[in-house]
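Q: After the structure tokens below, expect a handful of questions from me.
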DNA sequence: TCCTAAAAATAACATACGTTATATAACCCC
DNA sequence: GGGGTTATATAACGTATGTTATTTTTAGGA
């Protein structure tokens, strides 16, 4: 056996995450990680084959945090939960969120495609959404996702009015969701006249 | 006098823009620009002091294009115009749009702050928005901006359903705007009962 | 025609990156 | 306690970047 391990995978990813959170994902370098740990780059290469493997692990960590935030929101309404969790992530890890959305949507694409069916199922069970066609439900869901992304992006970029605190931001998300559903009901009503 | 100028500021910015559009803003390097022009880096340093000055010129060019798109949309309704112009930019220059939004919002912040007062004035003149309080108008405008940003981001990232063509994307923007206004009117109605 | 300017090309410098080769140090087993 | 294994440190290599020094080329004026 050799000497005691001083730097674990976890610590390395922690350091990388910290850099990503303050300077952006592209600012991560092996030397910066080492510096933040007060080590050399050697421990990094013992734990990861190369920078790509480290990035994969970092993304996995980020996804984990995102999932953690989602589990912390369990009001019963999966829409509200998902929206709030996404918003919290965008606000608490704004730099990473911006980079993730910008990169390309590989991460988001996968995430969305995983979440969509579950949300869609939930919509079809929701009594408030009774009577809508599949297409109408699809449009409602799409509008909500669009608004959620826009709001998260605004929050992450500090583009919202200063007086909007966390609660106000959550409220406007709910309000917009109501707008979409109410309007959809009105359209449905007109069609049936 | 010296020899004829073979590479102008315009050509250099053109080359930089082309790289930004295909590989992203961060992928721009002096040597790549030179390669695209079949020149060396010398002409670049004759025309620009350094890479920062070149970037400023590139941003100015991008803002110019954005403005150009806006002037091309003149339906009379400044809301619709601005939404369509923003969407066209996001779709036609998706890589640059993503990078701009991601960077930080410095560019967006300035752009927004310049546009907001004009839009707000326009809202107060709009007969369809008669009777709303200042705060209500502010909320309506904010919701529209949020939706517009979300939709632009989705379009730029290819996250919209495949069957959504340009027209369908424009339509959903209008539809969401209607949703917000109609719902605001309903709320107003209830309050006055 | 020749000389001078300015533009462009070439090549070098300093820096930062990922990665790897080599050296050092710490721990366990015998 | 000595030896081998392994984590860590150090230093170097190759590459890419921005920038600059130097050289070459070109056009117009004397």
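Residue numbers (the numbering used here), protein chains in the order written: chain A, 1 to 193; chain B, 194 to 386. Ideal Cβ positions, reconstructed from N, Cα and C, are used throughout, including at glycine. Remember, predicted model here, so these are calculated numbers, not experimental data.
Cβ atoms of residue 251 of chain B and residue 210 of chain B: under 8 Å apart, would you say?
A: Reading the second chain from its first residue, position 17 is the one you call residue 210 of chain B. Reading the second chain from its first residue, position 58 is the one you call residue 251 of chain B. In contact: residue 210 of chain B and residue 251 of chain B (Cβ atoms closer than 8 Å).
Q: In the DSSP assignment, find the unbroken alpha helix (DSSP H) run with residue 40 of chain A in it and report its ends.
A: Taking the first residue of the first chain as 1, we reach residue 40 of chain A at position 40. It is not in any alpha helix (DSSP H) - residue 40 of chain A carries neither H nor E in the DSSP assignment.
Q: Rank A/19, A/13 and A/156 by C-alpha distance to the C-alpha of residue 45 of chain A and give the top, closest one.
A: Taking the first chain and counting its residues from 1, one reaches residue 45 of chain A at position 45. Of the candidates A/19, A/13 and A/156, the one whose C-alpha sits nearest the C-alpha of residue 45 of chain A is A/13.
Q: Got a sec, what are the start and stop residues for the alpha helix (DSSP H) residue 332 of chain B sits in?
A: Position 139 of the second chain holds residue 332 of chain B. First-last of the alpha helix (DSSP H) with residue 332 of chain B: 327–350.
Q: Give me, in chain order, the residues of the same chain whose beta-carbon lies closer than 6 Å to that of residue 98 of chain A; leave out the 5 immediate sequence neighbours on both sides.
A: The residue given as residue 98 of chain A occupies position 98 in the first chain. Within the same chain, residue 98 of chain A has close Cβ partners 156.
Q: Spatial neighbours of residue 216 of chain B within its chain, please: C-beta separation below 8 Å, excluding the five flanking residues on both sides.
A: Within the second chain, the letter at position 23 stands for residue 216 of chain B. Correct list, in chain order: 288.
Q: Looking at the C-beta of residue 116 of chain A, does it have a partner C-beta in chain B at a distance below 8 Å?
A: Counted from its first residue, the first chain places residue 116 of chain A at position 116. Residue 116 of chain A does not count as touching chain B.
Q: Go through its chain and collect everything with a Cβ distance to residue 10 of chain A's Cβ below 8 Å, but skip five positions before and after it.
A: Sequence index remark: in the first chain, residue 10 of chain A carries index 10 (1-based). Within the same chain, residue 10 of chain A has no close Cβ partners at all.
Q: In its own chain, which residues sit with a C-beta less than 7 Å from the C-beta of residue 373 of chain B, not counting the 5 before and 5 after it?
A: Counted from its first residue, the second chain places residue 373 of chain B at position 180. Closer than 7 Å at Cβ, skipping near neighbours: 333, 336 and 337.
Q: Could you tell me whether the Cβ of residue 102 of chain A comes closer than 8 Å to any Cβ of chain B?
A: Here residue 102 of chain A refers to the residue found at position 102 when the first chain is read from its first residue. Judged by the 8 Å Cβ criterion, residue 102 of chain A is in contact with chain B.
Q: Going by beta carbon distance, what residues of the same chain come within less than 7 Å of residue 7 of chain A, once the five residues before and after it are set aside?
A: Translated into the one-based positions of the first chain, residue 7 of chain A becomes position 7. 37, 39 and 43, listed in sequence order.
Q: Quick check on residue 161 of chain A: buried or exposed, where buried means 16 or more other Cβ atoms within 10 Å of its Cβ?
A: For the purposes of this step, residue 161 of chain A is taken as the residue at position 161 of the first chain. It counts as exposed.
Q: Should residue 46 of chain A be flagged as near chain B, meaning a C-beta pair shorter than 8 Å?
A: Taking the first chain and counting its residues from 1, the one referred to as residue 46 of chain A is at position 46. False, the Cβ-Cβ gap to chain B never drops below 8 Å.
Q: Looking at chain B, which residues of the segment 141–153 of chain A have a Cβ within less than 9 Å of any of its Cβ atoms?
A: Listed by position, the residues of the segment 141–153 of chain A near chain B (Cβ gap below 9 Å) are 142, 143, 145, 146, 147, 148, 149, 150, 151, 152 and 153.
Q: Using 10 angstroms around the beta-carbon of residue 386 of chain B, count the other beta-carbons present and answer buried if the total reaches 16, otherwise exposed.
A: Start at 1 with the first residue of the second chain, and residue 386 of chain B comes out as number 193. Confidence is the limiting factor: at residue 386 of chain B the pLDDT is only 48, short of 50, which leaves the residue's position unreliable, though a coordinate-based value still follows. Exposed.
Q: Would you identify the three-state DSSP class for residue 321 of chain B, choosing helix, strand or coil?
A: In the second chain, the residue the question calls residue 321 of chain B occupies position 128. Helix at residue 321 of chain B.
Q: Leaving out five residues on either side along the sequence, give the residues of the same chain with a beta carbon under 7 Å from the beta carbon of residue 316 of chain B.
A: To locate residue 316 of chain B, count along the second chain from 1; it is residue 123. Excluding sequence neighbours, residue 316 of chain B sits near 322, 330 and 334.
Q: Counting only C-beta atoms, is residue 363 of chain B closer than 8 Å to chain A at any point?
A: In the second chain, the residue the question calls residue 363 of chain B occupies position 170. False, the Cβ-Cβ gap to chain A never drops below 8 Å.
Q: Going straight from the alpha carbon of residue 243 of chain B to that of residue 256 of chain B, what length do you get?
A: Numbered from 1 along the second chain, position 50 holds the residue referred to as residue 243 of chain B. Numbered from 1 along the second chain, position 63 holds the residue referred to as residue 256 of chain B. Cα-Cα distance, rounded: 20 Å.
Q: Considering only the alpha carbon of each residue, which of A/178, A/187, A/188 and A/91 lies closest to residue 380 of chain B?
A: As a first step, residue 380 of chain B is located in the second chain; it is residue number 187 there, counting from the start. The option with the nearest alpha carbon to residue 380 of chain B is A/178.
Q: Pull up the distance between the alpha-carbon of residue 148 of chain A and that of residue 275 of chain B, whole angstroms please.
A: Translated into positions along the first chain, residue 148 of chain A becomes position 148. Translated into positions along the second chain, residue 275 of chain B becomes position 82. Rounded to the nearest angstrom, the two C-alpha atoms are 20 Å apart.
Q: How far does the alpha helix (DSSP H) with residue 79 of chain A in it extend, from its first residue to its last?
A: By one-based count along the first chain, residue 79 of chain A stands at place 79. Run containing residue 79 of chain A: 78–92, per the alpha helix (DSSP H) assignment.
Q: What's the C-alpha gap between residue 173 of chain A and residue 318 of chain B?
A: In the first chain, residue 173 of chain A corresponds to position 173, counting from 1. In the second chain, residue 318 of chain B corresponds to position 125, counting from 1. Cα-Cα distance, rounded: 27 Å.
Q: Where does residue 49 of chain A sit, in a helix, a strand or coil, going by DSSP?
A: Within the first chain, the letter at position 49 stands for residue 49 of chain A. Three-state DSSP puts residue 49 of chain A in coil, outside helix and strand.
Q: Secondary structure at residue 111 of chain A, three-state DSSP: helix, strand or coil?
A: The sequence position of residue 111 of chain A within the first chain is 111, counting from 1. Residue 111 of chain A falls in the helix class under three-state DSSP.
Q: Taking all protein chains shown into account, decide if residue 101 of chain A is buried (16 or more other Cβ within 10 angstroms of its Cβ) or exposed.
A: Here residue 101 of chain A refers to the residue found at position 101 of the first chain. The residue is buried, with at least 16 neighbouring Cβ atoms inside 10 Å.
Q: Along chain A, which residues have their Cβ under 8 Å away from the Cβ of residue 278 of chain B?
A: Translated into the one-based positions of the second chain, residue 278 of chain B becomes position 85. Chain A residues near residue 278 of chain B: none, gap ~17 Å exceeds 8 Å.
Q: Listing by chain order, which chain A residues have their CB less than 8 Å from the CB of residue 373 of chain B?
A: Here the question's residue 373 of chain B lines up with position 180 in the second chain. Correct list: 176 and 179.
Q: Give me the chain A residues within the contact set of residue 291 of chain B, using Cβ-Cβ distance strictly less than 7 Å, ordered along the chain.
A: As a first step, residue 291 of chain B is located in the second chain; it is residue number 98 there, counting from the start. The answer, in chain order, is 102.
Q: Taking residue 17 of chain A as part of the alpha helix (DSSP H), name the residues at either end of that continuous run.
A: Within the first chain, numbered from 1, the residue matching residue 17 of chain A stands at position 17. 9–23 is the span of the alpha helix (DSSP H), which, as asked, contains residue 17 of chain A.
Q: Could you give the C-beta distance for residue 339 of chain B and residue 280 of chain B, rounded to a whole number, given that I count them as a contact under 8 Å?
A: For the purposes of this step, residue 339 of chain B is identified with residue 146 of the second chain, where counting begins at 1. For the purposes of this step, residue 280 of chain B is identified with residue 87 of the second chain, where counting begins at 1. Actually they are not in contact, since the Cβ atoms of residue 339 of chain B and residue 280 of chain B sit about 14 Å apart, beyond 8 Å.
Q: What does residue 379 of chain B reach in chain A if we use C-beta pairs closer than 8 Å?
A: The residue given as residue 379 of chain B occupies position 186 in the second chain. What residue 379 of chain B touches in chain A: 182.
Q: Can you check whether the C-beta of residue 314 of chain B is within less than 8 Å of a C-beta belonging to chain A?
A: Your numbering for residue 314 of chain B matches position 121 in the second chain. Closer than 8 Å: no.
Q: Report yes if the C-beta distance between residue 152 of chain A and residue 85 of chain A is below 8 Å; otherwise report no.
A: Taking the first residue of the first chain as position 1, residue 152 of chain A is located at position 152. Taking the first residue of the first chain as position 1, residue 85 of chain A is located at position 85. No, Cβ-Cβ distance for residue 152 of chain A and residue 85 of chain A is not below 8 Å.
Q: Quick check: residue 109 of chain A and residue 352 of chain B, are their CB atoms within less than 8 Å of each other?
A: Within the first chain, residue 109 of chain A is the residue found at index 109, counting from 1. Within the second chain, residue 352 of chain B is the residue found at index 159, counting from 1. Their beta carbons are under 8 Å apart, which means residue 109 of chain A touches residue 352 of chain B by this criterion.
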